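Data block below; observations after.
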Amino acid sequence: MEKIIDESQQGSSLSLENNEKNGRKLYIESYGCQMNFSDSEIVASILAKEGFNTTQDLNDADLVLVNTCSIREKAEQTVRKRLEKFNAVKRTRPNMKVGVLGCMAERLKSKFLEEEKIVDMVVGPDAYKDLPNLIQEIDEGRNAVNVILSKDETYGDVAPVRLNTNGVSAFVSITRGCDNMCTFCVVPFTRGRERSRDPQSILEEVNDLWDRGFKEITLLGQNVDSYLWYGGGLKKDFDKATDMQKATSVNFAGLLELVAQAQPKMRIRFSTSNPQDMTLDVIEAMAKYRNICKYIHLPVQSGSNRILKAMNRLHTREEYFELIDNIKKLIPDCAISQDMITGFPTETEEDHRDTLSLMEYVKYDFGFMFAYSERPGTLAERKMKDDIPEETKKRRLTEIIYLQQKHSFYRTQQHVGKTEEILIEGTSKKSDAHWMGRNSQNTVAVFPKEHYKVGDFVNVKINECTSATLIGEAVGYSENN
Ligand code: SAM
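Mapping to full-length UniProt numbering: the sequence shown position 152 is 152, numbers consecutive.
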């Protein structure tokens, strides 16, 4: 679940409880990061009020929406293939309408209507509240586009419907957009400038989730550590705020404390952190509250100072080590995971060895690793040649994946012999007789079901492990239950 791109979820369609009064059918499919899956919940909520029930059968749909990802070329190719499939269905059902949402919609804008003739509607990530108008346009036979990026849209006032939920874990979006301008990344262009959501509306959503039986939330944003609420508006305009706004502003550490105190039994996770914005007060807040999970996803992308600079990552390898040391000093059992890119332009074997040695220093618990994919419009695409041969990118990728597997196994072994609190999420994929859940560090654990049920906090004695899974047996409910 913490994975930025969860491969098992890609392309899943969403369904929610049907409202008898609603007469039209919506099929919505999502790709990409957790933000996209969370956004699809907002879209479904807006459309439920417009007379749409969800369907999981494409052939039954009046409106087909695909929430898209642009982060790598492969993600866009997958969506194009799906659009071909929708086109085939549309030939037999000409009244069916197709809309593209999300990052690819924002990146390609009206080109979508011109090039991909099957698309009726193109909607960027900040324009979902305009969907009722846009749908009216397409109902009347016109194509519709809204890709305007917003300075203040956070959808704080839209209560997302929870789609395909296990009833235990939910995402709560806290920031939108990104100001970091990493040279490889398309996100600032597709999701706009960074803005934060009103903490009051975040607390209301968290309290409501607890009341409905949810036990774990993940605070979501492209860069959560950069969260800053000062009454609304873009993060970059904070210096223009009044003294009063500045004095009453809430940063990420402050928000974490508010949420941790509001629901002391709710597990709190967050994703994604950018090392350059992660401050000591966030780590201190994590150490202070037992309900804030001891896990930080801390993408570094490269271990080479030269490449970090070329990527416009605003920290050095040494500063990253200092951050890791501080985390481990304040929270010795904190799990840390990475995102890494191999084959960024000009990357040498020496740079690659720096990445391997950085990984050796940190020994990450998990990792999400990618070969560099040049994205149109990014600074790297405009200023640098994509000069690393594909086979070199892939070979380096294989090497870091291999090293990560070794480290993951080393990390899971550290849990063996301990008794840890596991929150049960559902039945194990491999055995109907076993529950699957996670410990605070986000490592998956499986154990015999006995009398326990989904949503229970259970103490589990860990007896053995693989590189990805802890295997154990329950010894009783935890004090959090
Ligand atoms: N906020 C995160 C950060 O600190 O960088 C970025 C989130 S991004 C949606 C998820 C991951 O996709 C990135 O961390 C990066 O590893 C990968 N990624 C982004 N752009 C990429 C590109 N052009 N090629 C390959 N991987 C890319």
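Think of the CB as a built atom: it goes at the ideal place given N, C-alpha and C, for glycine as much as any other residue. These figures come from a predicted structure and were not determined experimentally.
DSSP state of residue i mapped onto helix, strand, coil
{"i": "R253", "result": "Per the sequence shown, the amino acid found at residue 253 is Ala instead of Arg. Note: A253 maps to helix in three-state DSSP."}
{"i": "Y295", "result": "strand"}
{"i": "S173", "result": "strand"}
{"i": "K383", "result": "helix"}
{"i": "L280", "result": "helix"}
{"i": "F189", "result": "helix"}
{"i": "L470", "result": "strand"}
{"i": "Y230", "result": "coil"}
{"i": "N59", "result": "helix"}
{"i": "R162", "result": "coil"}
{"i": "K236", "result": "helix"}
{"i": "M121", "result": "strand"}
{"i": "K3", "result": "Here K3 scores only 39 on pLDDT, less than 50, and its place in the model is too uncertain to base an answer on."}
{"i": "R289", "result": "First, the amino acid is wrong: residue 289 is Tyr here, not Arg. Here Y289 sits in coil by DSSP."}
{"i": "K265", "result": "coil"}
{"i": "E421", "result": "strand"}
{"i": "R306", "result": "helix"}
{"i": "L314", "result": "coil"}
{"i": "K129", "result": "helix"}
{"i": "M181", "result": "coil"}
{"i": "V64", "result": "strand"}
Residue i beta carbon near ligand 1 (any heavy atom closer than 7 Å)
{"i": "C33", "result": "yes"}
Proximity to residue i [Cα-Cα], best of the options
{"i": "P376", "options": "I471, V224, V186", "result": "V186"}
{"i": "P389", "options": "E216, Y372, G367, N326", "result": "Y372"}
{"i": "P199", "options": "A48, G254, I331", "result": "G254"}
{"i": "E216", "options": "A44, L470, F447, N442", "result": "N442"}
{"i": "F457", "options": "G476, N463, T466, V446", "result": "G476"}
{"i": "N95", "options": "E257, I202, F86", "result": "F86"}
{"i": "M244", "options": "D237, L256, Y230, L234", "result": "Y230"}
{"i": "I118", "options": "R91, K246, A105, K109", "result": "R91"}
The beta strand (DSSP E) enclosing residue i, as first and last residue numbers
{"i": "I46", "result": "Where I46 is concerned, there is no enclosing beta strand (DSSP E), although the alpha helix (DSSP H) it sits in stretches over 34 to 48."}
{"i": "E76", "result": "That residue, E76, is in no beta strand (DSSP E); its alpha helix (DSSP H) goes 73 to 92."}
{"i": "C465", "result": "457 to 465"}
{"i": "M436", "result": "434 to 438"}
{"i": "S337", "result": "335 to 342"}
{"i": "P448", "result": "444 to 448"}
{"i": "E29", "result": "24 to 30"}
Delimiting residues of the alpha helix (DSSP H) encompassing residue i
{"i": "T355", "result": "349 to 362"}
{"i": "V206", "result": "199 to 211"}
{"i": "N326", "result": "317 to 330"}
{"i": "S110", "result": "Careful: S110 lies outside any alpha helix (DSSP H) and carries neither H nor E."}
{"i": "R396", "result": "390 to 413"}
{"i": "K151", "result": "Unbroken run through K151: none, as it is neither H nor E."}
{"i": "L219", "result": "Element bounds for L219: not the alpha helix (DSSP H) but the beta strand (DSSP E), 216 to 220."}
Point to revise | Closer than 6 Å: residues whose CB approaches a heavy atom of ligand 1 | key: Per the Cβ criterion, the list is I4, C33, I71, R72, C182, F184, C185, V187, Q222, N223, T272, N274, P299, Q301, D339, I341, F370, Y372, S373, R375.
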